[in-house]
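Participant: This note's numbering applies: residue 1 is where the sequence shown begins, and numbers increase by one.
Can you read through this structure? Questions will come right after.
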Amino acid sequence: QASRDIDGLERDARRDARRLLEAVDAIQLGLTNVSSQLSVLVNVHPDLAAREACEALQLEATKLSVRFSQSRPIYDALSAIDKGGLDACARRAVDLTLMDMRRAGVALDETKRKRAQELRERITQLSQTYGRNLRDDVRAVELPASALEGTPADYRAAHPADASGKVKITTDPPDMAPLLAYSSDKSARRAISQAYYERAPANVAIFDELRRTRHELATTLGYGSFADYNLEDKMMASPEKCDRFLDEVRAAAKPPADRQYAALLEIARRDDPAANNIGFWDTQYHLAQAKDARFKFDSREMRPYLEYRSVRQAILDLAARIFDLTFTPFEPVKTWHEDAEHFSVMMNGKPAGFITLDMHPRPGKNKWATSFGYKLGLKERQLPHNVLVCNFPDPNRSNGPALMEHQQVVTFFHEFGHLVHGIVRGNVVEWARLGRPAENDFMEAPSRFLEDYVFELDVLRRFAKHVETGAVIPEDLVRRLQAARDFGDGVQVEQMTMRSRQSLRLHDDANIDRDCRTIAREVAERETRFELLDVTNWPANWEHMSSEAYAAAYGTYVWSDTIAADIRTGFTNGLMDIDAAHRYRDLVLAPGGNIPAADAVKNFLGRPYNTNAFKERLAKSG
């Protein structure tokens, strides 16, 4: 249908402004929906043939999208319209569409346009291969049963030793996370980390070709590097601005990071008095020990209160309470897997869309935690449908209750923040081009903000009940959780700025012909305090690098952190202030791409956002 619509519009683009925009919008909506649905199915469908068929269709969708974006007749017609009769949102949809078309190469000569199209198709193919290699490569290590010493009892029960006294731990996140956090066996922690970072060796060549192809696309389009191209339409705007921001954040993180690293080293010397550094694979273990020593907080105490099904219900209940969203389960006619749970959504008592939760690991499925659009929401035209894909413990397949780490619950709330954002804006935005966040480096801010609720006593005591006794989580345990929460943020922010810098350097013009592993290691050796593994395939097994949203812009996370911290200051009466939550929903989440993200935050705070709250929180982090 999109192909016929493009043909028809190119033959007859001489229309009044609104009719032309409506025709363009119909094409954009169709392409967005098809691309979104294919992306979901590639990442979740259990059948290999189905995933391969969807990948083939993704390539066709890429061709159509490039054809539309490079259409000179459509571009010329849009450029020539009189926007005086359009409202502000319609004018913005036109302006952003024209910007997208210029960034696709519509203004190039025919030879360069064709080359840009070929490069786009190749980028799609390489990204598909990269993601497929990661999904399909699950490693496992065999360890002595003694390696589980220190891990929670339910985890040990789920990993019985075989006849030779060995236990098997895989690189699936829910399997390896407790080992890294709690195992007292340093060699076991290193072994599972080594296995994780050795995944997808074929991706080294794939990622290097992907980087070169992205670079050629950027230079064909007139940019100095893919980093220049990738950041241009974001709040960060340029590699130079991103570097300055990372320098600013890193400077703020250094004093607390100095203190925190010294504390971690002191802990490490309990096991090895001669230790003079810490391996990054030991970070979570030593952080957990330090929090226990300083705050009497042992995160293992949280697990019996965090059973998966109760956590899932809690987050639905919280969204109902603070955003007036209600969720009703339903069974669709068809679904891709029995694990997928589907809910219809109401907002303010009216139909508002649909969400799907696909939350447990299985072969062939995406191994990360991520939110996907499935169907774009447009006011009074189409209800949004968003899909959450995670890898949390499965209550139907667990040997015992499906208990979660508190950090996994934080991740659940984070990713659910994307769903809420998609549902809310999908009931307000009228044009397909405005149906996503205004700038991609804002999109993590609402999710980072929602994480704060997982530390609220009022929230936790509503659902966190002991899996065996039914007792409500003790207030004292929550207070210790809150006291320990920010300890370690200094070193964690340094790690995030390091990875942000890696993503930039991997895509700048000076490094494009070098091995990705060498570039990443050089950045790490300059910017990390922690010992590195000797040989890995990183960054070729970094999930984010296959996505253009994060390719040179992993700094999105830290950028969004600073905004989320400032948003928190707008809740002067606490996070459970329903009036403030509704204002946040309506002023920050609802606009989508209707206005720049900075304007949305300003409308909520009553002033431009700044990094002060983020820096103050860092300074107090220990």
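Positions of the beta carbon are idealized from the N, C-alpha and C atoms, including for glycine.
Computed from a predicted model, the values in this text were never measured in an experiment.
What is the DSSP secondary structure of residue 578, reduced to helix, strand or coil?
Facilitator: For the purposes of this step, residue 578 is taken as residue 578 along the sequence shown, with counting starting at 1. In the structure shown, residue 578 sits in a helix (DSSP, three-state: H, G or I).
Participant: Would you mind sorting residue 525 into buried or exposed? The rule is 16 or more other CB atoms within 10 Å of its CB.
Facilitator: Here residue 525 corresponds to residue number 525 of the sequence shown, with the count starting at 1. With fewer than 16 Cβ atoms within 10 Å of its Cβ, residue 525 is classed as exposed.
Participant: Using the Cα positions of residue 411 and residue 603, report the straight-line distance between them to the nearest angstrom.
Facilitator: To locate residue 411, count along the sequence shown from 1; it is residue 411. To locate residue 603, count along the sequence shown from 1; it is residue 603. The alpha-carbon atoms of residue 411 and residue 603 are separated by roughly 28 Å.
Participant: Determine the direct distance from the alpha carbon of residue 120 to that of residue 110, and round the result to whole angstroms.
Facilitator: Here residue 110 is taken as the residue at index 110 of the sequence shown, counted from 1. Here residue 120 is taken as the residue at index 120 of the sequence shown, counted from 1. So the alpha carbons of these two residues sit roughly 15 Å apart.
Participant: Give the range of the beta strand (DSSP E) segment to which residue 358 is assigned.
Facilitator: As a working note, residue 358 is residue 358 in the sequence shown. Note, residue 358: beta strand (DSSP E), 350-358.
Participant: Under the three-state reduction of DSSP, which class applies to residue 592: helix, strand or coil?
Facilitator: Here the question's residue 592 lines up with position 592 in the sequence shown. Note: residue 592 maps to helix in three-state DSSP.
Participant: What first and last residue would you give for the alpha helix (DSSP H) that runs through residue 74?
Facilitator: Here residue 74 is taken as the residue at index 74 of the sequence shown, counted from 1. 72-80 is the extent of the alpha helix (DSSP H) around residue 74.
Participant: From what residue to what residue does the beta strand (DSSP E) around residue 602 run?
Facilitator: For the purposes of this step, residue 602 is taken as the residue at position 602 of the sequence shown. Per DSSP, residue 602 belongs to no beta strand (DSSP E); it is in the alpha helix (DSSP H), 597-605.
Participant: From the DSSP output, read off the bridge partner residues of residue 386.
Facilitator: Residue 386 sits at position 386 when you count from the first residue of the sequence shown. 355, 373, per the DSSP bridge assignment.
Participant: Alpha carbon to alpha carbon, what distance is there between residue 545 and residue 123?
Facilitator: Position 123 of the sequence shown holds residue 123. Position 545 of the sequence shown holds residue 545. Computed Cα separation, rounded: 12 Å.
Participant: Drop a sphere of 10 angstroms on the beta-carbon of residue 574, count the other beta-carbons inside from all chains shown, and report buried for 16 or more, exposed for fewer.
Facilitator: Residue numbering aside, residue 574 sits at position 574 when the sequence shown is read from its first letter. Flag for residue 574 reads exposed.
Participant: Which residues mark the beginning and the end of the alpha helix (DSSP H) in which residue 310 is found?
Facilitator: The sequence position of residue 310 within the sequence shown is 310, counting from 1. Looking at the DSSP string, the run of the alpha helix (DSSP H) that includes residue 310 is 308-323.
Participant: Taking the DSSP output, what are the residues bridged to residue 342?
Facilitator: To locate residue 342, count along the sequence shown from 1; it is residue 342. Note: residue 342 sits in a beta bridge opposite 330, 356.
Participant: Helix, strand or coil: how does DSSP classify residue 518 here?
Facilitator: Counting from 1 along the sequence shown, the entry for residue 518 is found at position 518. DSSP places residue 518 in helix when its eight states are reduced to three.
Participant: Do you know whose CA, among 448, 555, 617, 571, lies nearest residue 236's CA?
Facilitator: Taking the first residue of the sequence shown as position 1, residue 236 is located at position 236. Considering only alpha carbons, the answer is 555.
Participant: Beta strand (DSSP E) containing residue 144: first to last residue?
Facilitator: Residue numbering aside, residue 144 sits at position 144 when the sequence shown is read from its first letter. That run of the beta strand (DSSP E) goes 140-144.
Participant: Expressed to the nearest angstrom, what Euclidean distance is found between the alpha-carbon atoms of residue 16 and residue 81?
Facilitator: Looking up residue 16 in the sequence shown gives position 16. Looking up residue 81 in the sequence shown gives position 81. Spanning the two alpha carbons is a distance of roughly 7 Å.
Participant: Let me make sure I understand the geometry here. Which of 69, 21, 12, 43 has the alpha-carbon closest to that of residue 31?
Facilitator: Taking the first residue of the sequence shown as position 1, residue 31 is located at position 31. Minimum Cα distance to residue 31 is reached at 69.
Participant: The alpha helix (DSSP H) spanning residue 123 covers which residue range?
Facilitator: Mapped onto the sequence shown, residue 123 falls at position 123. Its alpha helix (DSSP H) spans residues 110-136.
Participant: Across which residues does DSSP place residue 531 in a beta bridge pair?
Facilitator: On the sequence shown, position 531 is the one that residue 531 refers to. Per DSSP, 279.
Participant: Compare the C-beta of residue 15 with all C-beta atoms of chain C and state if any pair is closer than 8 Å.
Facilitator: No chain C is part of this structure, which consists of one protein chain only.
Participant: Leaving out the 5 sequence neighbours to the left and right, which residues in its chain are closer than 8 Å to residue 27 when beta-carbon positions are compared?
Facilitator: The residue labelled residue 27 in the question sits at position 27 within the sequence shown. The answer, listed in chain order, is 2, 5, 6, 9, 68.
Participant: Taking buried to mean at least 16 other C-beta atoms within 10 Å of its own C-beta, is residue 192 buried or exposed?
Facilitator: Numbered from its first residue, the sequence shown carries residue 192 at position 192. Its Cβ being crowded by 16 or more others within 10 Å, residue 192 is buried.
Participant: Grouping DSSP H, G and I as helix and E and B as strand, with all else coil, what is residue 443?
Facilitator: For the purposes of this step, residue 443 is taken as the residue at position 443 of the sequence shown. Looking at residue 443 - three-state DSSP - the assignment turns out to be coil, as it is neither helix nor strand.
Participant: Name the residue from 369, 377, 403 whose alpha carbon lies nearest to the alpha carbon of residue 415.
Facilitator: Residue mapping note: residue 415 aligns to position 415 of the sequence shown, counting from 1. Comparing Cα positions, the closest option is 369.
Participant: Mind checking whether residue 611 and residue 558 have CB atoms under 8 Å apart?
Facilitator: Against the sequence shown, residue 611 aligns to sequence position 611. Against the sequence shown, residue 558 aligns to sequence position 558. It is not a contact, given that the beta carbons lie outside the stated cut-off.
Participant: Please state whether the Cβ-Cβ distance between residue 291 and residue 484 is less than 8 Å.
Facilitator: Here residue 291 corresponds to residue number 291 of the sequence shown, with the count starting at 1. Here residue 484 corresponds to residue number 484 of the sequence shown, with the count starting at 1. Yes, the Cβ-Cβ distance between residue 291 and residue 484 is below 8 Å.
Participant: Check whether the stretch 157-167 and the stretch 389-400 touch, using three or more Cβ-Cβ pairs below 8 Å as the test.
Facilitator: Touching, yes.
Participant: Identify every residue that forms a DSSP beta bridge with residue 403.
Facilitator: By 1-based counting over the sequence shown, the position of residue 403 is 403. DSSP output for residue 403 lists 307 as bridge partner(s).
Participant: Within 8 Å, do at least three Cβ pairs link the stretch 532-551 to the stretch 195-204?
Facilitator: Yes, the stretch 195-204 touches the stretch 532-551.
Participant: Locate the beta strand (DSSP E) running through residue 567, then write down its first and last residues.
Facilitator: Residue numbering aside, residue 567 sits at position 567 when the sequence shown is read from its first letter. It is not in any beta strand (DSSP E) - residue 567 instead sits in the alpha helix (DSSP H) that spans 556-568.
Participant: Quick check: residue 389 and residue 325, are their CB atoms within less than 8 Å of each other?
Facilitator: Taking the first residue of the sequence shown as 1, we reach residue 389 at position 389. Taking the first residue of the sequence shown as 1, we reach residue 325 at position 325. Contact: no.
Participant: Name the one or two DSSP bridge partners that residue 169 has.
Facilitator: Here residue 169 refers to the residue found at position 169 of the sequence shown. Partner(s): 141.
Participant: Who are residue 420's beta bridge partners in DSSP?
Facilitator: Taking the first residue of the sequence shown as position 1, residue 420 is located at position 420. Paired residue(s): none; residue 420 is not in a bridge.
Participant: List, from N- to C-terminal side, the alpha helix (DSSP H) runs of 4 residues or more that fit wholly inside the stretch 227-293.
Facilitator: Within the stretch 227-293, the complete alpha helix (DSSP H) runs of at least 4 residues are 239-271.
Participant: Helix, strand or coil: how does DSSP classify residue 302 here?
Facilitator: In the sequence shown, residue 302 corresponds to position 302, counting from 1. In this structure, residue 302 counts as coil in the three-state DSSP scheme.
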